[in-house]
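All remarks here apply to the structure that follows.
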Amino acid sequence: MNSISLSSPAKLNLFLEVVNKRPDGYHNLITLFERIDLCDDITLSNTLDGAIQVFCDHADVPTDSKNLVYKAAQMLRDDFALSNGVNIRIKKRIPVAAGLGGGSGNAATVLLGLNRLWKLQLSLKELLSYGQAIGSDVPFFLQDCSWAVGTQRGDKIKRLTIGTQLWHILIVPSIKMYSRDVFEALNLKLTKKVDDVNILTRSLKKNDLFVIGSLLRNDLESAILKLVPSLHSYKEMLQKCGLKCISFSGSGPAIFGLVESQAQAEELKIILQNQNSQVFVVKTY
Ligand code: C5P
15 MNSISLSSPA KLNLFLEVVN KRPDGYHNLI TLFERIDLCD DITLSNTLDG AIQVFCDHAD
75 VPTDSKNLVY KAAQMLRDDF ALSNGVNIRI KKRIPVAAGL GGGSGNAATV LLGLNRLWKL
135 QLSLKELLSY GQAIGSDVPF FLQDCSWAVG TQRGDKIKRL TIGTQLWHIL IVPSIKMYSR
195 DVFEALNLKL TKKVDDVNIL TRSLKKNDLF VIGSLLRNDL ESAILKLVPS LHSYKEMLQK
255 CGLKCISFSG SGPAIFGLVE SQAQAEELKI ILQNQNSQVF VVKTY
């Protein structure tokens, strides 16, 4: 096998509670991840010259060692003292720096792909420790599951067995937001401990849209809106369309609404299309 092609999905956070700030500067979170069917394509081609080369059709994606896929390949190549290299081709569909985990998912896909291409026989546990070293969202994407709860940095993953498939309308304003800036802008308030993520999990299992919608939460919202107040207008746009269950994903600016059907999402997409954002109809994947 000399090359391998894989799909690299995005995620939404249906729930993101910031528990506290840690001594290492990160924040402890409780988050509920949903994998969605908005995907990049990644092709890995083995080379014999030891070089790692990244090619991407999107101008905003770095092709040097700043790209998490580069880091992933470099870690594996160096730890296993391989003379192999790899060409990594990314067809980008997931908006960059949007709160959808595109870069983290790409890194996870490269770890999984190179484990096969380079016949490394790494266990999931070993892959997870590489993922954690690359970024907080990477471990979720290493798990073959649609739903999971992340704790600690968001990197300790508990897979959920949920068969429910949700439809969403997803707006991605043309602005990049970086997690570091959003977490820095956060004014951490101590909130009362409630068991919302478990209630949400149970209502997802029952496909109870009303309860699911009432429990959507993102503690980063105030920091996102403090940094970019104009993002309020996207929330209002979705509210004006009659949606009640709306949330930012991750550190934004991607914002999504829970809808009842694909048909409703497609109708909204036509209404919401504008020049300053991308609009997607997405579902659980
Ligand atoms: O782990 P990752 O590199 O994706 O995190 C990017 C930045 O987001 C971190 O440097 C940190 O500032 C912030 N972050 C955080 N707490 C988390 C995850 C990320 O403070 N649980």
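Numbering (the working numbering), first residue to last: 15 to 299. All C-beta atoms in this analysis are idealised placements derived from N, C-alpha and C, irrespective of residue type, glycine included.
- Item | Proximity below 8 Å, CB of Glu-31 to CB of Asp-209 | no
- Message: Please tell me whether Leu-230 has its Cβ less than 8 Å away from any Cβ of chain D.
- Response: No chain D appears in the structure shown, which is made up of a single protein chain.
- Query: Which residues mark the beginning and the end of the alpha helix (DSSP H) in which Cys-154 is found?
  - Reply: Looking at the sequence shown, residue 154 is not Cys but Phe. Looking at the DSSP string, the run of the alpha helix (DSSP H) that includes Phe-154 is 152-156.
- Message: Using CA atoms only, rank isn't needed, just tell me which of Leu-184, Arg-194, Ser-118, Met-15 is closest to Leu-128.
- Response: Met-15
- Item | Contacts around Glu-280, its chain only, beta-carbon distance under 7 Å, and the 5 residues preceding and following it disregarded | Val-295
- Task: Could you check if His-182 is buried or exposed, using at least 16 other CB atoms within 10 Å of its CB as the buried criterion?
- Result: buried
- Query: So is Tyr-248 buried or exposed if we call it buried at 16+ other beta carbons inside 10 Å?
  - Reply: buried
- Please confirm whether any heavy atom of the ligand C5P lies closer than 7 Å to the CB of Phe-197. yes
- Could you tell me the boundaries of the beta strand (DSSP E) in which Val-293 lies? 291-297
- Query: Whose C-beta lies closer than 6 Å to the C-beta of Pro-267 among residues of the same chain, with five residues either side of it excluded?
  - Reply: Pro-187, Ile-189, Met-191, Leu-245
- Task: With Thr-215 as the anchor, note down where its alpha helix (DSSP H) starts and where it stops.
- Result: 210-219
- Please name the residue in Gly-264, Tyr-84, Arg-107 whose C-alpha comes closest to that of Ala-73. Arg-107
- Item | Through-space distance from Leu-142 to Leu-156, alpha-carbon basis | 7 Å
- Contact between the stretch 151-167 and the stretch 225-241 (3+ Cβ pairs under 8 Å): no
- Item | Identity of the residue in Lys-254, Ser-193, Ser-236, Thr-175 nearest Ser-217 by Cα | Thr-175
- Message: What does the Cβ neighbour count give for Ala-121, buried or exposed, with the cut at 16 atoms within 10 Å?
- Response: buried
- Kindly confirm or deny that the stretch 48-63 and the stretch 92-107 touch, where touching means at least three C-beta pairs closer than 8 Å. yes
- Message: If you measure between the beta carbons of Thr-61 and Val-100, is that distance less than 8 Å?
- Response: yes
- Message: How far does the beta strand (DSSP E) with Phe-47 in it extend, from its first residue to its last?
- Response: 41-61
- Message: Three Cβ pairs or more, each shorter than 8 Å: is that satisfied between the stretch 212-227 and the stretch 143-153?
- Response: no
- Item | Asp-151 beta carbon near the ligand C5P (any heavy atom closer than 7 Å) | yes
- Message: Our contact map puts Leu-300 next to Lys-25 with C-beta atoms below 8 Å; I'd like the distance itself, whole angstroms only.
- Response: The chain is shown only over 15 to 299; residue 300 falls outside these bounds and no answer can be derived.
- Task: Examine the ligand C5P and report whether any of its heavy atoms sits within less than 7 Å of the Cβ of Ser-263.
- Result: no
- Would you report the Cα separation of Cys-250 and Phe-270, rounded to the nearest angstrom? Residue identity differs from the one stated: residue 250 is Glu in this sequence, not Cys. Approximately 12 Å between the Cα atoms of the pair.
- Enclosing beta strand (DSSP E) for Ala-162 [first to last residue]: 161-165
- Message: Between which residues of its own chain and Cys-334 is the CB-CB distance below 6 Å, once the five residues before and five after are set aside?
- Response: Only positions 15 to 299 of the chain appear in this structure, which leaves residue 334 out of reach.
- Message: Which residue marks the beginning of the alpha helix (DSSP H) containing Gln-276, and which one marks its end?
- Response: 276-286
- Item | Beta-carbon separation (whole angstroms), Ile-66 vs Arg-91, contact threshold 8 Å | 7 Å
- Message: the ligand C5P and Ser-193: does the residue's C-beta get closer than 7 Å to at least one heavy atom of that ligand?
- Response: yes
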